[in-house]
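Participant: First to last, the protein sequences are chains H and D.
Offset between the first sequence (1-based) and the numbering used here: plus 3.
Offset between the second sequence (1-based) and the numbering used here: plus 3.
Shown below is the structure under consideration.
2 protein chains.
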Amino acid sequence: MDAFEQTVRRYLALLATGTTAEIIDCFAPGATVEDPAGGPVLTGPAELEKLYGSLEGRRRATDLHWLRVGGPSAVFGFTLSAGAHEIDVVEVMTFDTEAKITSMRAFWSPDDVVTHSSPTTAAPER
Amino acid sequence: MDAFEQTVRRYLALLATGTTAEIIDCFAPGATVEDPAGGPVLTGPAELEKLYGSLEGRRRATDLHWLRVGGPSAVFGFTLSAGAHEIDVVEVMTFDTEAKITSMRAFWSPDDVVTHSSPTTAAPER
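Dropping the structure here:
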């Protein structure tokens, strides 16, 4: 597994179980993030914390479906489950020589989001 | 269908049935092409003609599997059949304001290529 694939897999694992700081540590300083692609370009710790901090306190999981690496870049498809939502996402990433993420663009639209109604008898979520 | 999706669909149709000149006309002047991503960056008519000209005279087909558009960019997966080869490709494109392609990066590796034995040769399969 090459270093870029390792970063993708680490990033997806941390989206599911990591802290906001651990997720942001996958990114190089000055990295740019578009989530969704075509939306505002986020950069810097404060803007990334706002994006990824929204995951904290929610039950989360990620499931990688496919991954292609070419040059210092990757494109991959995965499902992000967060609370009652499941989002089918395709992300395009570029990396620096230390395999830190220098740019991320997440391709998804409302059509790619499924919302599950919460079962009323379930145990309380965190 | 937005203009960027139209360009992708036109490009895929031309990969199957178009001339080299028609394919190249989908690109903006100065567009860059990496095929595969991580390989040499091609630019200018001569370099694009060399790449796409290799398709001429071969029986070709394309089959779009999925497409995501975000901002002036798109990512999509398709199968390109050319002669005895079938390649499962994921491409990332960016576009100018006229929906001409300004960059294309094709993510595929030898693992994504299937070669069919010619139907006229009943030779044993490897």
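Idealized CB from N, CA, C, for every residue including glycine.
Given the structure is predicted, the values throughout are model-derived calculations rather than measurements.
With 16 as the cutoff for other CB atoms within 10 Å, does M96/D come out buried or exposed?
Facilitator: In the second sequence, counting from the first residue as 1, residue 96/D sits at position 93. Buried, because 16 or more other Cβ atoms sit within 10 Å of the Cβ of M96/D.
Participant: Tell me which residue opens and which closes the alpha helix (DSSP H) that L51/D is part of.
Facilitator: By 1-based counting over the second sequence, the position of residue 51/D is 48. For L51/D, the enclosing alpha helix (DSSP H) covers residues P48 to G56.
Participant: Terminal residues of the continuous alpha helix (DSSP H) containing R63/H?
Facilitator: Locating residue 63/H in the first sequence gives position 60, counting from the first residue. Looking at the DSSP string, R63/H is not in any alpha helix (DSSP H); the run it does join, the beta strand (DSSP E), is R63 to V72.
Participant: Assuming A19/H is part of the alpha helix (DSSP H), what are its boundary residues?
Facilitator: Walking along the first sequence from the start, residue 19/H turns up at place 16. Taken as a continuous stretch (DSSP letters only), the alpha helix (DSSP H) holding A19/H covers A6 to T20.
Participant: Note the first and the last residue of the continuous beta strand (DSSP E) segment covering E37/H.
Facilitator: Residue numbering aside, residue 37/H sits at position 34 when the first sequence is read from its first letter. Counting along the chain, the beta strand (DSSP E) containing E37/H begins and ends at F30 to E37.
Participant: So which residues of chain H does F98/D contact, with C-beta pairs closer than 7 Å?
Facilitator: Here residue 98/D is taken as the residue at index 95 of the second sequence, counted from 1. Under the 7 Å cutoff, chain H gives no residues; its nearest Cβ is about 11 Å from F98/D.
Participant: Nearest chain H C-beta to F110/D closer than 8 Å, yes or no?
Facilitator: Within the second sequence, the letter at position 107 stands for residue 110/D. It does: the Cβ of F110/D has a partner Cβ on chain H nearer than 8 Å.
Participant: Using the rule of at least 16 other Cβ atoms within 10 Å of the residue's Cβ for burial, across every protein chain shown, is M4/D buried or exposed?
Facilitator: Walking along the second sequence from the start, residue 4/D turns up at place 1. Answer is exposed; the Cβ neighbour count stays below 16.
Participant: Hey, quick one: how far does the beta strand (DSSP E) through T97/D stretch, first residue to last?
Facilitator: Taking the first residue of the second sequence as 1, we reach residue 97/D at position 94. For T97/D, the uninterrupted beta strand (DSSP E) run begins and ends at H88 to F98, by DSSP.
Participant: Counting only the same chain and skipping the five closest in sequence on each side, list residues whose C-beta sits under 6 Å from that of L18/H.
Facilitator: Here residue 18/H refers to the residue found at position 15 of the first sequence. Counting only Cβ-Cβ distances below 6 Å, and skipping sequence neighbours, we find T65.
Participant: Can you tell me whether A85/H is helix, strand or coil according to DSSP?
Facilitator: Translated into positions along the first sequence, residue 85/H becomes position 82. Strand at A85/H.
Participant: Applying the 10 Å Cβ sphere with the 16-neighbour rule, what's the burial state of T10/H?
Facilitator: Here residue 10/H refers to the residue found at position 7 when the first sequence is read from its first residue. Its Cβ being crowded by 16 or more others within 10 Å, T10/H is buried.
Participant: Please list the partners that P39/D has in chain H, where partner means a Cβ-to-Cβ separation under 8 Å.
Facilitator: Position 36 of the second sequence holds residue 39/D. Those are G73, listed as they occur along chain H.
Participant: Let's see if you can read the secondary structure: which residues bound the beta strand (DSSP E) around A102/H?
Facilitator: Taking the first residue of the first sequence as 1, we reach residue 102/H at position 99. For A102/H, there is no enclosing beta strand (DSSP E), as DSSP gives it neither H nor E.
Participant: Expressed to the nearest angstrom, what Euclidean distance is found between the alpha-carbon atoms of E37/D and G73/H?
Facilitator: Within the second sequence, numbered from 1, the residue matching residue 37/D stands at position 34. Within the first sequence, numbered from 1, the residue matching residue 73/H stands at position 70. Approximately 9 Å, taken between the alpha carbons.
Participant: Strictly below 7 Å CB to CB, what residues from chain D border V78/H?
Facilitator: Along the first sequence, read from residue 1 onward, the residue named residue 78/H stands at position 75. Under the 7 Å cutoff, chain D gives V78, V93, V95 and F110.
Participant: If you drop the 5 nearest sequence neighbours on each side, which residues of the same chain put their C-beta closer than 6 Å to that of H12/H?
Facilitator: Sequence index remark: in the first sequence, residue 12/H carries index 9 (1-based). For clarity, residue 12/H is Arg in the given sequence; the question names His instead. For R12/H, where only same-chain residues beyond five positions count, there are no Cβ hits under 6 Å.
Participant: Taking all protein chains shown into account, decide if T118/H is buried (16 or more other Cβ within 10 angstroms of its Cβ) or exposed.
Facilitator: Counting from 1 along the first sequence, the entry for residue 118/H is found at position 115. When all chains shown are included, T118/H counts as exposed.
Participant: Within 10 angstroms of its Cβ, does V44/H collect 16 or more other Cβ (buried), or is it exposed?
Facilitator: What you label residue 44/H is simply residue 41 of the first sequence in a count that begins at 1. Exposed.
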